[in-house]
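Residue numbers (our numbering): 49 to 158.
Beta carbons are placed, not taken as given, at the ideal position from N, Cα and C, and that holds for glycine.
Everything numeric in this text was worked out from a predicted model, so none of it was measured.
For reference, the structure discussed in these notes is given below.
Here is the structure:
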């Protein structure tokens, strides 16, 4: 059964966008940001979603329970700029029904 979720994404200019993301297409948060063109081409998902560049770093603003950070994601965030306690890599967060109402902010471009 198809289910879409609503996600609030604040872009790097400080503008909040409320977007609809499908849960049945195996997309991740970085791909949603790219599909809505909320960051300039070539500035997000540079590595293609392999947790190797941190260009999709975002700050989780809501209290959603997210998948645990993997070793690869943790290592990449350790080398990234502007990291906060609520930083995650968008490419590592799969779009699921549990993300309904998620609020994130894109980290500044490094």
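A straight-line Cα-Cα distance of about 22 angstroms links residue 141 and residue 61. Take the alpha-carbon of residue 155 and the one of residue 98: they are about 18 angstroms apart. The distance from the Cβ of residue 152 to that of residue 107 is about 6 angstroms, consistent with a contact at the 8 angstroms cut-off.
Non-local C-beta neighbours of residue 95 in its own chain, meaning closer than 6 angstroms and more than five positions away in sequence, comprise 101, ordered along the chain. About 17 angstroms separates the beta carbon of residue 135 from that of residue 147, a gap too long to meet the 8 angstroms contact definition. CA-to-CA, the gap between residue 91 and residue 103 works out to about 6 angstroms. In the three-state DSSP reduction, residue 136 falls in the strand class (E or B).
Taking the C-beta atoms as reference points, residue 145 is found nearer than 8 angstroms to residue 53. Counting along the chain, no alpha helix (DSSP H) covers residue 53; the unbroken beta strand (DSSP E) around it starts and ends at 52-58.
Excluding the 5 residues flanking it on each side, residue 84 has same chain C-beta neighbours closer than 8 angstroms at 57, 65, 67, in chain order. As summarised for the segment 50-104, the continuous alpha helix (DSSP H) elements at least 4 residues long and confined to that stretch are 77-83, given in chain order.
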